[in-house]
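Each residue of the sequence shown is one higher than the one before, counting from 3 in this note's numbering. Reviewing the structure listed below.
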Amino acid sequence: MARYSEEQIRALGLAREALPKHVAIIMDGNGRWAKQRRLPRSAGHRAGVDRLRGIIRMSSDLGVASLTLYAFSTENWRRPSDEVGTLMALLIEYFTKEIDELFANGVRIRIIGAYEDFAAPVRAVIERAMKRTEANTGLNLNIALNYGSRAEILRAANLAMRQALAEGKREITADMLEACLYTAGQPEVDLLIRTSGEQRASNFLLYQISYAEFLFPAEYWPDFSDEAYLAALRAYGRRSRRFGGLEEDA
Ligand code: IPE
Ligand code: IPE
Ligand code: MG
3 MARYSEEQIR ALGLAREALP KHVAIIMDGN GRWAKQRRLP RSAGHRAGVD RLRGIIRMSS
63 DLGVASLTLY AFSTENWRRP SDEVGTLMAL LIEYFTKEID ELFANGVRIR IIGAYEDFAA
123 PVRAVIERAM KRTEANTGLN LNIALNYGSR AEILRAANLA MRQALAEGKR EITADMLEAC
183 LYTAGQPEVD LLIRTSGEQR ASNFLLYQIS YAEFLFPAEY WPDFSDEAYL AALRAYGRRS
243 RRFGGLEEDA
């Protein structure tokens, strides 16, 4: 894996210290991308999957610690069954085709969400991908599948409560709760990107985005190029993050 040098990062118009440690992306607009081309929605999803390689590669090369991608929400079961089926088939195909390269690049794959609800072949392929890459130390790639933030927080609260009871405590702490989130041990989300111009959270990482910067690029996800991603990272670098305090140089 070839991490960019300080100089290469600067040549891209970025600065290492102004890069987000954790980027979360709501990959939206596959359907509209397809419609614009008079193609079936499935073609949009396929084109969307094709964008993953570049975005993952760029994140890894830039030294981003965690990248969390929203691939299937708990609400996406409301879609027609043939569309859900297409998404599942694409998932299996993606992991089967890409796992070697992801492994070679040191990527560590985590699935966040209730993936145990998926059919056995889907479960098998994602469990294999996680197991194969679990000792990798490069980019943490979290793929949100059957993910919903409210369900995640409720699950974490229950896990933390059980732990508290077992230890004879009457309250859970923030540390206990955070340790039970799917993203435990990873940096907080610094940057949330939602493509396609929609400006809503759609039940994604509600706890983890508390102090994130939000960007809503207009491109549909299949059109979100490496260059568009770099532009988003540059825009992030220009934001002033105060965390409730005052400007550092004020
Ligand atoms: C995002 O694209 C992919 C998933 C939700 C799986 P959409 O399928 O939501 O595309 P639009 O919003 O209909 O354009
Ligand atoms: C959010 O997109 C979920 C994913 C990108 C996987 P949706 O297209 O499902 O969200 P809504 O329905 O516009 O809120
Ligand atoms: Mg959508």
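Glycine included, C-beta positions come from ideal geometry on N, C-alpha and C. These numbers come from a predicted model, not from an experiment.
Please report the Cβ distance between residue i and residue j, rounded to the nearest whole angstrom; I am assuming they are in contact, meaning their Cβ atoms lie under 8 Å.
| i | j | result |
| --- | --- | --- |
| residue 225 | residue 35 | 6 Å |
| residue 2 | residue 94 | An answer regarding residue 2 cannot be provided, because it is not within the stretch 3 to 252 covered by the chain. |
| residue 77 | residue 150 | 7 Å |
| residue 190 | residue 24 | 6 Å |
| residue 219 | residue 203 | The pair is not a contact, with the Cβ atoms about 16 Å apart (cut-off 8 Å). |
| residue 101 | residue 55 | At roughly 12 Å, the Cβ-Cβ gap does not stay under 8 Å, so residue 101 and residue 55 are not in contact. |
| residue 240 | residue 15 | 11 Å between Cβ atoms; not a contact. |
| residue 74 | residue 147 | 5 Å |
| residue 11 | residue 17 | 7 Å |
| residue 114 | residue 143 | About 10 Å separates the two Cβ atoms, so there is no contact after all. |
| residue 48 | residue 223 | So it is not a contact: roughly 12 Å between Cβ atoms. |
Buried or exposed for residue i, going by 16 or more other Cβ atoms inside 10 Å?
| i | result |
| --- | --- |
| residue 32 | buried |
| residue 210 | buried |
| residue 215 | buried |
| residue 160 | exposed |
| residue 82 | exposed |
| residue 84 | exposed |
| residue 154 | buried |
| residue 152 | exposed |
| residue 7 | exposed |
| residue 198 | buried |
| residue 192 | buried |
| residue 156 | exposed |
| residue 68 | buried |
| residue 30 | buried |
| residue 162 | buried |
| residue 41 | exposed |
| residue 248 | exposed |
| residue 172 | exposed |
If distances are taken between C-alpha atoms only, which option among the options comes closest to residue i?
| i | options | result |
| --- | --- | --- |
| residue 141 | 90, 93 and 58 | 58 |
| residue 166 | 238, 42, 156 and 178 | 178 |
| residue 62 | 145, 250 and 109 | 109 |
| residue 246 | 184, 182, 213 and 237 | 213 |
| residue 92 | 128, 15, 107 and 195 | 128 |
| residue 158 | 144, 183, 176 and 149 | 183 |
| residue 64 | 242, 248, 74 and 231 | 231 |
| residue 60 | 118, 41, 21 and 121 | 21 |
| residue 107 | 72, 12 and 138 | 138 |
| residue 27 | 248, 243, 242 and 208 | 208 |
| residue 99 | 117, 131 and 71 | 131 |
| residue 87 | 200, 72, 43 and 196 | 43 |
| residue 263 | 122, 48, 242 and 116 | Residue 263 lies beyond the residue range present for the chain, which begins at 3 and ends at 252; the question has no answer from this structure. |
| residue 238 | 194, 250 and 229 | 194 |
| residue 70 | 168, 227 and 196 | 196 |
| residue 89 | 37, 45, 227 and 185 | 45 |
What are the partner residues of residue i, as DSSP defines its beta bridges?
| i | result |
| --- | --- |
| residue 217 | 195 |
| residue 74 | 147 |
| residue 138 | None; residue 138 has no bridge partner. |
| residue 25 | 69 and 193 |
| residue 110 | 142 |
Looking at residue i and ligand 4, is the gap between the Cβ and the nearest heavy atom below 7 Å?
| i | result |
| --- | --- |
| residue 154 | Ligands in the displayed structure: ligand 1, ligand 2 and ligand 3; ligand 4 is not one of them. |
Review point. Pick out every residue whose C-beta is nearer than 5 Å to a heavy atom of ligand 1: which are they, in chain order?
Key: Listed by chain position, these are 30, 31, 32, 33 and 34.
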